[in-house]
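The structure under discussion appears below in the form of structure tokens.
Numbering (this note's numbering), first residue to last: 534 to 698.
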């Protein structure tokens, strides 16, 4: 399991200096660490968080947005009509709820289609694992900086330490 402080530090080491998003239990440890470091600006909705990240980017920041995968649906218009068209990059830290058909019913459909959903939107994505974390973070940094578009890093339950064991 990756410690939340190590996860946040890895993002900061690649230059990320603006964090926003909507709470989710899988991301709870990361958000708690960001709050401890006074780096997190909460958002009410995921599309608002994506727009805040675009504004932060225009102000010279390197943004990351935290959300559960259902928030990708909420963010669709913002990601397409703002981020992709105007080359407004952000790192999407997305909890993969409903992966493998295991979760509450409301998470199952998005859990099944999320990779194809992002493929359709032409947003590069990768799933973080403890074993490949170094390569995963390197991929995020390189893809984000090279393409100047949103990239998504999927987080599954138990990969990054949460608030509760």
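Even for Gly, the Cβ is constructed at its ideal location relative to N, Cα and C.
These numbers come from a predicted model, not from an experiment.
Query: Contact check, residue 634 vs residue 602 under 8 Å by CB: the rounded distance?; Result: So it is not a contact: roughly 14 Å between Cβ atoms.
Query: Mind checking which residues open and close the alpha helix (DSSP H) that includes residue 542?; Result: 537 to 546
Query: Where DSSP assigns a beta bridge to residue 596, which residues make up the other side?; Result: 551
Query: Would you mind working out which of 571, 625, 586 sits nearest residue 600, comparing C-alpha positions?; Result: 625
Query: For the structure I just gave you, are there three or more beta carbon pairs, one from the segment 655 to 666 and one from the segment 569 to 588, closer than 8 Å?; Result: no
Query: Which residues bound the beta strand (DSSP E) around residue 577?; Result: First-last for residue 577: undefined, no H or E at that position.
Query: Between the alpha carbons of residue 590 and residue 649, how many angstroms are there, rounded?; Result: 27 Å
Query: Let's test the definition: count the other Cβ atoms within 10 Å of the Cβ of residue 536 and tell me whether it reaches 16, buried, or not, exposed.; Result: exposed
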